[in-house]
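Peer 1: After the structure tokens below, expect a handful of questions from me.
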Amino acid sequence: MRITPIVHAYFSLGIGLLFVFFAFEAVEETVLNPLTLFLTLLATFQLAASYRLFKLHVKVKQKQQEKNNKNDKDQ
């Protein structure tokens with residue numbers, strides 16, 4: 000079974016939100032705690048990857064619709 004971009008995007012979004020939650024929990028006295036910065040950095044990368052995968056899903060769907068519309072016109 001292939002994992003589609005939308006499934007991978009939701010998975011990355013969930014992990015990114017989990018890292019954000021852990022970063023908020025790791026804040027003690029200051030935000031400049033190394034653990035907080037590390038978790039925030041991981042969350043940023045995960046959320047950016049999720050956004051890119053959602054955009055990829057939209058582009059793939061648009062290409063499929065264009066292909067289907069072209070095939071319908073030809074018939």
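Its first residue numbered 0, the sequence shown is counted upward by one per residue in numbering that gives the first Met the number 0.
No residue lacks a Cβ here, since even glycine has one placed at the ideal position from N, Cα and C.
(1) If you draw a straight line from the alpha carbon of Pro4 to that of Ala42, how long is it in whole angstroms?
(2) Is the beta carbon of Leu38 sitting closer than 9 Å to the one on Ala22?
(3) If you run the structure through DSSP and keep just helix, strand and coil, what is Leu41?
(4) Less than 8 Å between the CB atoms is what I'm expecting for Ala8 and Phe53, so what's the real figure, rounded?
(5) Alpha helix (DSSP H) containing Ile2: first to last residue?
(6) Grouping DSSP H, G and I as helix and E and B as strand, with all else coil, what is Asn68?
Peer 2: Answer, in terms of the structure:
(1) In the sequence shown, the residue the question calls residue 4 occupies position 5. In the sequence shown, the residue the question calls residue 42 occupies position 43. If you take the alpha carbons of Pro4 and Ala42, they lie about 19 Å apart.
(2) Start at 1 with the first residue of the sequence shown, and residue 38 comes out as number 39. Start at 1 with the first residue of the sequence shown, and residue 22 comes out as number 23. In contact: Leu38 and Ala22 (Cβ atoms closer than 9 Å).
(3) Walking along the sequence shown from the start, residue 41 turns up at place 42. In the structure shown, Leu41 sits in a helix (DSSP, three-state: H, G or I).
(4) Position 9 of the sequence shown, counted from the first residue, corresponds to residue 8. Position 54 of the sequence shown, counted from the first residue, corresponds to residue 53. With 8 Å as the limit, Ala8 and Phe53 qualify as a contact, their Cβ atoms being about 5 Å apart.
(5) Taking the sequence shown and counting its residues from 1, one reaches residue 2 at position 3. Ile2 -> no alpha helix (DSSP H), and no H or E assigned at all.
(6) For the purposes of this step, residue 68 is identified with residue 69 of the sequence shown, where counting begins at 1. In the structure shown, Asn68 sits in a helix (DSSP, three-state: H, G or I).
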